[in-house]
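Q:
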Amino acid sequence: MHKDESGKSAELLEHEPREAFDGGPYGISIHQRVVRDALPFLRPAGWMLFEIGVGQARQVKVLFERTRAYDLVSDAAGEPRVIIGKKKSA
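In structure tokens, the structure reads:
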């Protein structure tokens, strides 16, 4: 594999969306967009799951704070890696 100037392999960059490498100032712009755009289509009590990067848990939790229905799943090292959010019931 060839690497570009930033050290990422060219093949990886070919197959991943730009948002995978540029998530905005806090690295969660895609999470914000999905929550905003998906909530109208999500049924009451429906679930939404996100993989999150190390250090993103606090910012992503804010997206679900209004529902107060979310949980974090940690990896083997104890780092939160998945957030599970639930839409309020009707």
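Mapped onto our numbering, the consecutive letters of the sequence shown carry residue numbers 199 to 288. Positions of the beta carbon are idealized from the N, C-alpha and C atoms, including for glycine.
(1) Tell me which residues share the same chain as E277 and place their Cβ nearer than 7 Å to its Cβ, disregarding the 5 neighbours each side in the sequence.
(2) Exposed or buried, D269, counting other C-beta atoms within 10 Å across all chains shown (16 or more means buried)?
(3) Please report the straight-line C-alpha distance between I282 and I250, rounded to a whole angstrom.
(4) Quick one: is K201 buried, meaning 16 or more other Cβ sit within 10 Å of its Cβ, or exposed?
(5) Under 8 Å, do D284 and W245 count as touching if we go by C-beta distance?
(6) Is the beta carbon of F248 closer than 8 Å to that of V260?
(7) Where R256 and G225 are concerned, what is the direct C-alpha to C-alpha distance, given to the nearest angstrom?
A: Quick look at the numbers:
(1) V252
(2) exposed
(3) Going by the C-alpha atoms only, they are around 10 Å apart.
(4) A caution first: K201 carries a pLDDT of 47, below 50, which makes its placement in the model unreliable, though a value can still be read off. By the 10 Å Cβ count, K201 comes out exposed.
(5) The identity of residue 284 in the sequence shown is Lys, whereas the question assumes Asp. Taking 8 Å as the Cβ cut-off, K284 and W245 qualify as a contacting pair.
(6) no
(7) 12 Å
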